[in-house]
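So the protein lines, in turn, are chains A, B, C, D, E and F.
Take 3 as the starting number for the first sequence in the numbering used here and just add one per residue.
Take 3 as the starting number for the second sequence in the numbering used here and just add one per residue.
Take 3 as the starting number for the third sequence in the numbering used here and just add one per residue.
Take 3 as the starting number for the fourth sequence in the numbering used here and just add one per residue.
Take 3 as the starting number for the fifth sequence in the numbering used here and just add one per residue.
Take 3 as the starting number for the sixth sequence in the numbering used here and just add one per residue.
Take a look at the structure set out below.
There are 6 protein chains.
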Amino acid sequence: MATVRPLADDEAAPEARAVFDDIRTARGTDYVNDFWRALAHDPALLRATWERLKSVMGPGGIDPLTKEMVYLAVSVANGCSYCVHSHTAAARGKGMTDAQHGELMAVIGMAMQTNGLVTALGIPPDEVFRA
Amino acid sequence: MATVRPLADDEAAPEARAVFDDIRTARGTDYVNDFWRALAHDPALLRATWERLKSVMGPGGIDPLTKEMVYLAVSVANGCSYCVHSHTAAARGKGMTDAQHGELMAVIGMAMQTNGLVTALGIPPDEVFRA
Amino acid sequence: MATVRPLADDEAAPEARAVFDDIRTARGTDYVNDFWRALAHDPALLRATWERLKSVMGPGGIDPLTKEMVYLAVSVANGCSYCVHSHTAAARGKGMTDAQHGELMAVIGMAMQTNGLVTALGIPPDEVFRA
Amino acid sequence: MATVRPLADDEAAPEARAVFDDIRTARGTDYVNDFWRALAHDPALLRATWERLKSVMGPGGIDPLTKEMVYLAVSVANGCSYCVHSHTAAARGKGMTDAQHGELMAVIGMAMQTNGLVTALGIPPDEVFRA
Amino acid sequence: MATVRPLADDEAAPEARAVFDDIRTARGTDYVNDFWRALAHDPALLRATWERLKSVMGPGGIDPLTKEMVYLAVSVANGCSYCVHSHTAAARGKGMTDAQHGELMAVIGMAMQTNGLVTALGIPPDEVFRA
Amino acid sequence: MATVRPLADDEAAPEARAVFDDIRTARGTDYVNDFWRALAHDPALLRATWERLKSVMGPGGIDPLTKEMVYLAVSVANGCSYCVHSHTAAARGKGMTDAQHGELMAVIGMAMQTNGLVTALGIPPDEVFRA
């Protein structure tokens, strides 16, 4: 189900189709996934989201695969199933091996576990952690 | 505040002190942070948590700094303030620069944003994401 | 799937059917959605939940559409897909336009983003925010 | 800090003071904690919340300590520090031992961990779990 | 505590101070809160976050107070204490009365409650909610 | 959908099949659910997760049904649908009656509600809750 119907190319406004084209060019594939097609009901929101994503996930001081793993980790903690699927696929596309995927699962699971323990114990941060 | 008082070395049971010593050796510092001192009320839980953390965060196919960034990302999404502080400190200890920290913030913020958009739009994963 | 089967009218106890009838009258429709039908396994819980919802979402100092948008925002942050779908439908039923829906998406996404940034930065509230 | 100032007895409206008195009687103590004092700015919300809490946490088919443990578990997962502290105190008041507290921590931590793993793996529920 | 120290005006880079000035102009006050001062370590992130916030929270088809209430609701569900304090203050600055605040609390509490019930019951969205 | 395909017995490595066999013995059933089959891509993670779960959920100072209810409560708050389904089934298997299920729903819903109210009110823990 969905709260808005993903738009096919010929249903989208010209401003939205221009973003679709930019996504295609940036990714080197004709496929535009449904997140962008659902956002296309509001071309300005689509444009702002895509431009920011392109900038944030673009070249910088953290390698692209690490960024995808971080993105996936946030998506897991937030329980966003679509995001988990799309960013797992993206991480694999950027070279994540099966062994790395297993190891990433272990790190995420460990973080979830100690997040729960820390919150349950209610301990304030140690003074040594101060910036 | 806290729901259990972190234990000083001379308040902890021998089984807990042995874990403290292992933490000191593994980290090359005499400092044992309050998370472990709070867990020391239950030496078996302290031991199991530490052993698993040491194994999960130890050498493998993902570099140590990436693991810390993933851990931090989960902690942010779960709203665990102590964990955010301790894993930011750990990431800096493993070489995270100011520029990388800023970039990590941007990735986490972007993931939070699109997690919200995706969930609000209610879209099911595209068939191409299937494993 | 579901952990309890939504009950049809003729499967529900008289106390539950009375709540179904009240829902029908309040909403001016014969349709009773599955949330209420699932709750009908425990007529007292069904009754308490419905009575409280009717009171909270009823006339007051905040207009009905704003209340639905707030409800939807909470549901998104909690990752409740059913709630996102039902309260998006309710907001549309109370007059939310496509443009307002897009704008609401943008506000929710922005809030998610800065929630993440603030938590990652670990900053305590400014003194000026004190009540 | 707080977004509303907890009200002392002589600052609260008569309808709010009546709830304070009911809390005192039900709990057998003169102490009214700040959650109720903060809610007292809206006596109707204070009344509705207290009445529902009293009913839900009152005698039934689940023993009082189990209910407190469940309440605490939800509060941990939601990252509500105040709630973690108040319901840990309540659970201890209802007989939770140190050993049970440690065991409860372990269960909560385990649940957090497998919640993360399951969400990261994206697996749909097995057919055998159908109600 | 904090993971980065909020920067005073004379510690911030010129690009960051320019954003501080823009915030002052837009809000008609000399006060710049610590969220922006903490972001100032990364002037590009500061700029991008502020520009997007200004656009999203600016004039549109949803009134400013409703937007603040939605922002606050998301912040509550995400457990972001700083955000709860800052957006409660902002909502009051935009005219939220004590009565509206109480009513907003009730709506948020109700949404949290039914989010939990719905997730616990595991019910898929009714077909009538389809977009 | 899923990010990794659950493995059938003859697709799993010997180390993973050994865990499947241990699960079968411990539970007295031939059925191994998909969570374990998905984890089987990483036999070490499968083994560590199962061993810890068996230990944590095993005999101790909290009865098995209470542990399942706590596990379910965390899963609801984290929005993990698979976990909600599997632990509801497990709780029923350990004797949870329909009446207890309804009562558990009420406790979880109440906790969600007051978690939201407390966070929205921003109140720090009372001094009397100090450990």
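Cβ coordinates follow ideal geometry from the N, Cα and C atoms, glycine included.
Validate contact between the region 112-130 of chain F and the region 19-31 of chain E using beta carbons, cut 8 Å, 3 pairs:
no
* Where the region 80-114 of chain A meets chain C: residues whose CB sits under 9 Å from a CB there -> Asn80, Gly81, Cys82 and Ser83
Fill in: Contact list for D/Pro127 against chain C, beta-carbon separation under 9 Å
Met3
Review point. Taking any Cβ of chain C, which residues in the region 21-36 of chain D have a Cβ under 9 Å from it, in chain order?
Key: none
Which one of F/Leu47, F/Val86, F/Ala4 and F/Arg29 has the shortest CA to CA distance from A/Ile110?
-> F/Leu47
7 Å Cβ cut-off: residues of chain A touching D/Thr121:
Val78, Gly81 and Val86
message: I want to see whether chain B comes within less than 9 Å of E/Ala10, judged by CB atoms only; does it?
response: no
Check your understanding: Grouping DSSP H, G and I as helix and E and B as strand, with all else coil, what is A/Arg26?
Key -> helix
Quick check: D/Asn117 and F/Met114, are their CB atoms within less than 9 Å of each other? no
Would you call the region 65-81 of chain D and the region 89-106 of chain D in contact, with 3 or more CB pairs under 8 Å?
yes
query = Among A/Pro16, A/Ile64, A/Gly62 and A/Thr5, which has the Cα closest to the Cα of A/Asp36?
reply = A/Thr5
| Alpha carbon of C/Ala10 to alpha carbon of F/Gln102, nearest angstrom | 22 Å
What does E/Val130 reach in chain A if we use C-beta pairs closer than 9 Å?
-> Within chain A, no residue comes near E/Val130; the closest Cβ sits about 11 Å away, beyond 9 Å.
Query raised in the report: CA-CA distance, E/Ser77 and E/Ser83?
Result: 8 Å
Contact set for B/Met59: own chain, Cβ-Cβ below 6 Å, skip 5 residues either direction | Lys69
If you measure from the beta carbon of E/Leu41 to each beta carbon in chain B, is any gap under 9 Å? yes
| Any beta-carbon of chain B closer than 9 Å to the one on C/Thr116? | yes
Status (buried if at least 16 other CB within 10 Å, exposed otherwise) for C/Thr51:
buried
* Asked: Within the 9 Å Cβ cut-off, does D/Ala75 reach chain C?
  -> no
Note down, in chain order, each residue of its chain lying with its Cβ closer than 8 Å to the Cβ of F/Gly97, except the 5 sequence neighbours on either side.
Leu67
- Query: Going by the beta-carbon positions, is the gap between F/Pro45 and D/Ile125 smaller than 9 Å?
  - Reply: no
Chain A contacts made by the region 48-64 of chain F, where a contact means CB separation under 7 Å | none
Query - Residue interval of the alpha helix (DSSP H) (run including D/Arg54) - result: Pro45 to Val58
If you run the structure through DSSP and keep just helix, strand and coil, what is F/Asn117? helix
Cβ of F/Ala133 within 9 Å of any chain A Cβ:
yes
Secondary structure of F/Pro61, DSSP reduced to three states: coil
Legend entry - Local conformation of D/Leu67 per DSSP, three classes: helix
Whole-angstrom distance between A/Ala75 and E/Ser57, CA atom to CA atom
29 Å
For B/Asp36, three-class secondary structure by DSSP: helix
Any beta-carbon of chain E closer than 9 Å to the one on A/Arg19?
no
Against D/Val72, what residues of chain C qualify as contacts under a CB-to-CB distance less than 7 Å, listed in chain order? Neighbours of D/Val72 on chain C: none; closest Cβ ~15 Å, over 7 Å.
- Item | Reduced DSSP category for E/Val6 - H, G, I as helix; E, B as strand; rest coil | coil
Check: Run through DSSP, which three-state label would E/Gly220 get?
Finding: The requested residue 220 of chain E does not occur in the structure, where chain E is confined to residues 3 to 133.
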